[in-house]
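2 protein chains.
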Amino acid sequence: MSLRHALLGLLADHPASGYDLTRRFEVSLQKYAWHARHSQIYPELNRLAAEGLISVVEEGARGRRTYAITEAGREEVRRWLLTPNKDAVVRNETVLRMFLLSTLDHAEIRKLLHEWIAEADAELERVCGALDRIEELRREQKDRWFGLFAAEYGRRSFQAQREWAEWALRQLDEAEQDGVERSEKENR
Amino acid sequence: MSLRHALLGLLADHPASGYDLTRRFEVSLQKYAWHARHSQIYPELNRLAAEGLISVVEEGARGRRTYAITEAGREEVRRWLLTPNKDAVVRNETVLRMFLLSTLDHAEIRKLLHEWIAEADAELERVCGALDRIEELRREQKDRWFGLFAAEYGRRSFQAQREWAEWALRQLDEAEQDGVERSEKENR
DNA sequence: CGTTGACATGTCACTCTCAACATGTCATTG
DNA sequence: CAATGACATGTTGAGAGTGACATGTCAACG
Chain A
1 MSLRHALLGL LADHPASGYD LTRRFEVSLQ KYAWHARHSQ IYPELNRLAA EGLISVVEEG
61 ARGRRTYAIT EAGREEVRRW LLTPNKDAVV RNETVLRMFL LSTLDHAEIR KLLHEWIAEA
121 DAELERVCGA LDRIEELRRE QKDRWFGLFA AEYGRRSFQA QREWAEWALR QLDEAEQDGV
181 ERSEKENR
Chain U
1 MSLRHALLGL LADHPASGYD LTRRFEVSLQ KYAWHARHSQ IYPELNRLAA EGLISVVEEG
61 ARGRRTYAIT EAGREEVRRW LLTPNKDAVV RNETVLRMFL LSTLDHAEIR KLLHEWIAEA
121 DAELERVCGA LDRIEELRRE QKDRWFGLFA AEYGRRSFQA QREWAEWALR QLDEAEQDGV
181 ERSEKENR
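For the record, the sequence lines run as chains A and U.
Residue numbers for the first sequence follow my numbering, beginning at 1 and rising by one.
Residue numbers for the second sequence follow my numbering, beginning at 1 and rising by one.
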């Protein structure tokens, strides 16, 4: 049950509504940590509130409810973080595609690799923007690490993805160069 | 429904039984691409066989059934790979922990970072072993890419994870050094 | 020849997750 | 003042995924 810990963790940084949390999933967690939709988030918030791990601290317009983490909630996050899961769940559709890439032919592989490079570039831009904003915040508050670790991890991941795709393209180039040389030899 | 494509993809490399596939999930896909248990794999294989995407090519001892991918199955994998999913599912419990890391105190953060470095080292060793074995195979068969792309991706991911954790430790060092200097100034 | 452990497949009840449907509020703008 | 679109929360049926239980085979070893 990681969803509840993702929610508790976000609320540990600062209070937010279900709507805010859905946004934060979309812009930050979604792409490389944890994917969740509002239809899952709202019921889970209600459960967390019922269990006393979070509480409503403000009711605003349009039925908006702002939640804050409680002391019990903080303890739960702490407990979860300090209890490492030997076989943590990993599901990443993009990486799965990378895994199965070689079942395609060279032209198709190249096409996908170029798409991934473009995607990595787009994500890198996004993450670097986030890093700048976090850097800004940290001028005021030196010990505010929230977001920084995660964003830097994202940056390095997408950087690695990009470099991997470029490496794979070079591998294909070399293999094709090899092929050409061999057939030239045969034609002599 | 990525599980079926993971299975089809593995069978596209070479035929295997449910037991073999469970093993291959455990040793290769599990850690960075896709997580699945045998209780999910066996029923899915039966469904795939019923749909004609795979077929039993051998029945061995202990009820062992070896499956091979069919032409229809190959087409399905191809179709899936070439239809990129705009918002691909990503769930990674370890990365989620990294995201929420800053809710802990410095000593605890350091502890987790050291654990992740050790874990990354262990995975790196495993992946490098796999890469050596793949390299061996490729001496014979130059155009056999299966596994190579994936293993290299894994290697780069765990390398990035390790470097990130070291970076994070340095950040903490610097922050603490800063703190010490500031309190020394105050004491003058 | 009995025990152990890897090999091998399966089921089931339960929880998690998703896509689609549903409902309404408030601010802006033409 | 009507339309539009972002804000905001919810439900539900279906499918995905899990842990535990279940069952049996075969090879090796003492």
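The beta-carbon is built from N, C-alpha and C at its ideal position, and this holds for glycine as well.
The model shown is predicted, which means the values in this text are computed figures rather than measured ones.
Checklist line | is_contact[E84 of chain U, chain A] using C-beta, thresh 8 Å | finding: Working through the second sequence from its first residue, we reach residue 84 of chain U at position 84. One point to set straight first is that residue 84 of chain U is Pro, not Glu, in the sequence displayed. For P84 of chain U, the answer is yes, since a Cβ of chain A falls inside 8 Å of its Cβ.
Checklist line | Coil, strand or helix - V89 of chain U by DSSP | finding: Stepping through the second sequence from its first residue, residue 89 of chain U is reached at position 89. V89 of chain U falls in the coil class under three-state DSSP.
Next item on the list: For H14 of chain A, go through chain U and note every residue whose CB falls closer than 8 Å to its CB, in chain order.
Entry: Within the first sequence, residue 14 of chain A is the residue found at index 14, counting from 1. For H14 of chain A, no chain U residue has a C-beta closer than 8 Å to its own C-beta; the minimum C-beta separation is roughly 12 Å.
Next item on the list: Output yes if chain U places a C-beta closer than 8 Å to the C-beta of R133 of chain A; else output no.
Entry: Here residue 133 of chain A refers to the residue found at position 133 when the first sequence is read from its first residue. Output row for R133 of chain A: interface = no.
Margin query: Rounded to the nearest angstrom, what separates R97 of chain A and L81 of chain U at their Cα positions?
Written below: Numbered from its first residue, the first sequence carries residue 97 of chain A at position 97. Numbered from its first residue, the second sequence carries residue 81 of chain U at position 81. Spanning the two alpha carbons is a distance of roughly 6 Å.
Notebook entry, point to check: If the cut is a Cβ gap below 9 Å, which residues of chain A does V27 of chain U touch?
Noted result: Walking along the second sequence from the start, residue 27 of chain U turns up at place 27. Chain A residues near V27 of chain U: none, gap ~12 Å exceeds 9 Å.
Next item on the list: Less than 8 Å between the CB atoms is what I'm expecting for E166 of chain U and I117 of chain U, so what's the real figure, rounded?
Entry: Within the second sequence, the letter at position 166 stands for residue 166 of chain U. Within the second sequence, the letter at position 117 stands for residue 117 of chain U. Your pair E166 of chain U and I117 of chain U checks out as a contact, with CB atoms roughly 7 Å apart and the cut at 8 Å.
Note to self: Quick check: I41 of chain A and L21 of chain A, are their CB atoms within less than 8 Å of each other?
What the structure shows: One-based indexing of the first sequence puts residue 41 of chain A at position 41. One-based indexing of the first sequence puts residue 21 of chain A at position 21. Between I41 of chain A and L21 of chain A, the CB-CB gap stays under 8 Å.
Check: What residues from chain U crowd round E152 of chain A, counting only those whose CB sits closer than 8 Å?
Finding: One-based indexing of the first sequence puts residue 152 of chain A at position 152. By Cβ distance, chain U contributes W164, W167, A168.
Notebook entry, point to check: Which term fits V56 of chain A, buried or exposed, when burial requires 16 or more other beta carbons within 10 angstroms of its beta carbon?
Noted result: Start at 1 with the first residue of the first sequence, and residue 56 of chain A comes out as number 56. Taking all protein chains in view, the Cβ of V56 of chain A is surrounded by fewer than 16 other Cβ atoms within 10 Å, so the residue is classified as exposed.
Notebook entry, point to check: For R65 of chain A, which residues does DSSP report across the bridge?
Noted result: As a working note, residue 65 of chain A is residue 65 in the first sequence. For R65 of chain A, which the question treats as bridged, DSSP gives the partners A:E59.
Next item on the list: Could you tell me whether the Cβ atoms of W34 of chain A and A68 of chain A are closer together than 8 Å?
Entry: Residue 34 of chain A sits at position 34 when you count from the first residue of the first sequence. Residue 68 of chain A sits at position 68 when you count from the first residue of the first sequence. Not a contact, by the Cβ cut-off of 8 Å.
Next item on the list: Would you please verify whether the beta carbon of M1 of chain A is less than 8 Å from any beta carbon of chain U?
Entry: Numbered from its first residue, the first sequence carries residue 1 of chain A at position 1. No, its Cβ sits nowhere closer than 8 Å to a Cβ of chain U.
Notebook entry, point to check: Given that D143 of chain U touches chain A, what residues does it touch there, using C-beta distances under 7 Å?
Noted result: The count along the second sequence starts at 1 and reaches residue 143 of chain U at position 143. Those are A175, listed as they occur along chain A.
Check: If you compare alpha carbons, which of A:A150, A:L29, A:R47 is closest to G73 of chain A?
Finding: If you number the first sequence from 1, residue 73 of chain A lands on position 73. For G73 of chain A, the nearest C-alpha among the options comes from A:R47.
Notebook entry, point to check: Can you list the residues of chain A that Q40 of chain U reaches, using a CB-CB cut of under 7 Å?
Noted result: By one-based count along the second sequence, residue 40 of chain U stands at place 40. Contact note: Q40 of chain U does not reach chain A at a C-beta cutoff of 7 Å; the least C-beta distance is about 12 Å.
Item checked: Neighbouring residues, chain A, relative to E108 of chain U (Cβ below 9 Å) -> Here residue 108 of chain U refers to the residue found at position 108 of the second sequence. Within 9 Å Cβ-Cβ: R78, L81, L82.
Notebook entry, point to check: Are F149 of chain U and A151 of chain A close, meaning C-beta to C-beta below 8 Å?
Noted result: In the second sequence, residue 149 of chain U corresponds to position 149, counting from 1. In the first sequence, residue 151 of chain A corresponds to position 151, counting from 1. A151 of chain A sits away from F149 of chain U, with the two beta carbons spaced by 8 Å or more.
Note to self: Here's the rule I'm using: 16 or more other beta-carbon atoms within 10 Å means buried, otherwise exposed. How should Q141 of chain U be labelled?
What the structure shows: Position 141 of the second sequence holds residue 141 of chain U. Per the 10 Å Cβ criterion, exposed.
Checklist line | Contact check, T66 of chain A vs A16 of chain A, beta carbons under 8 Å | finding: One-based indexing of the first sequence puts residue 66 of chain A at position 66. One-based indexing of the first sequence puts residue 16 of chain A at position 16. Going by C-beta atoms, T66 of chain A is nearer than 8 Å to A16 of chain A.
Note to self: Rounding to the nearest angstrom, what Cα-Cα distance links E191 of chain A and D178 of chain A in this structure?
What the structure shows: There is no way to answer for residue 191 of chain A, as the model of chain A reaches only from 1 to 188.
Checklist line | Where Y67 of chain A meets chain U, residues with beta-carbon distance less than 7 Å | finding: The residue you call residue 67 of chain A lines up with position 67 of the first sequence. Result: empty, since nearest Cβ-Cβ is about 16 Å, beyond 7 Å.
Check: Going along the stretch 88-100 of chain U in order, which residues come within less than 9 Å of chain A, judged by CB to CB distance?
Finding: Taking 9 Å as the cut-off between beta carbons, the residues of the stretch 88-100 of chain U near chain A are A88, V89, V90, R91, N92, E93, T94, V95, L96, R97, M98, F99, L100, in sequence order.
Note to self: Quick check: the stretch 102-122 of chain A against the stretch 82-93 of chain A, are at least 3 beta-carbon pairs closer than 8 Å?
What the structure shows: The stretch 82-93 of chain A, when compared against the stretch 102-122 of chain A, does not touch it at the 8 Å Cβ threshold.
Note to self: Do R156 of chain U and D121 of chain U count as a contact pair if the criterion is CB distance below 8 Å?
What the structure shows: Mapped onto the second sequence, residue 121 of chain U falls at position 121. Mapped onto the second sequence, residue 156 of chain U falls at position 156. Taking 8 Å as the Cβ cut-off, D121 of chain U and R156 of chain U do not qualify as a contacting pair.
Check: Roughly how many angstroms lie between the CA atoms of R144 of chain A and R138 of chain A, to the nearest whole one?
Finding: Mapped onto the first sequence, residue 144 of chain A falls at position 144. Mapped onto the first sequence, residue 138 of chain A falls at position 138. R144 of chain A and R138 of chain A: Cα-Cα distance of roughly 6 Å.
Checklist line | Bridge-paired residues (DSSP) for W145 of chain U | finding: Looking up residue 145 of chain U in the second sequence gives position 145. Beta-bridge pairing links W145 of chain U to no other residue.
Note to self: Cβ closer than 9 Å: which chain U residues qualify as neighbours of R189 of chain A?
What the structure shows: This structure does not reach residue 189 of chain A, given that chain A is present from 1 up to 188, and the question cannot be answered.
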